[in-house]
Structures are given as C-alpha cells and as structure tokens.
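Visitor: For the sequence shown, the UniProt record's numbering gives the first residue as 1, with consecutive numbering after it. Below is the structure I would like to discuss, written out as structure tokens.
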Amino acid sequence: MIYENLQNSRIEEKTQEPGKAPSQSFLWRILSWTHLLLFSLGLSLLLLVVVSVIGSQ
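Following this line, the structure appears as structure tokens:
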C-alpha cells in the first residue's frame, strides 16, 4: 500500500514538473541499487556468522 502511494506521488510529480523527472529517476535508481547492495552484504554476513557458529560446535 505504501509502495502504491509512492508510485502515485512520483507519477504526479512527473506530470507537474517534467524537467525534474529524469534526475529523480536517476536518484531513485541509485538508492535502489545501494539498498540492494547493503541488503545482500548484510545477508552474506549473517550467513557467514551462522556457518561459523554451526562449524565451531
């Protein structure tokens, strides 16, 4: 539901200010990429800890 609200607000912003849309889209892509990278790094670290704990027992 929150995702739908974000999409609606971005669509409204694009219709109001067409000049700012590409920069916002570029920024959104970078943020999505960094969040995905941080999530994957965190998941890898968690997996490493679990394997280390199981291996030490």
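Ideal placement from N, C-alpha and C gives every residue a C-beta, glycine not left out. Since the structure is predicted, the reported quantities are computational estimates derived from the model, not experimental observations.
1) Indicate the three-state DSSP secondary structure (helix, strand or coil) for Gln24 in the structure shown.
2) Distance, Cα to Cα, Phe26 vs Leu47?
3) Please report the straight-line C-alpha distance between Ile2 and Trp28, rounded to a whole angstrom.
Guide: This is what the structure holds:
1) The sequence position of residue 24 within the sequence shown is 24, counting from 1. Gln24: helix per DSSP, three-state reduction.
2) The count along the sequence shown starts at 1 and reaches residue 26 at position 26. The count along the sequence shown starts at 1 and reaches residue 47 at position 47. Near 32 angstroms, if we compare the C-alpha coordinates of Leu47 and Phe26.
3) Within the sequence shown, residue 2 is the residue found at index 2, counting from 1. Within the sequence shown, residue 28 is the residue found at index 28, counting from 1. Confidence at Ile2 is low in this model, with a pLDDT of 49, below 50, so its placement is unreliable and the value that follows should be read with caution. If I take the Cα positions, the gap works out to 16 angstroms.
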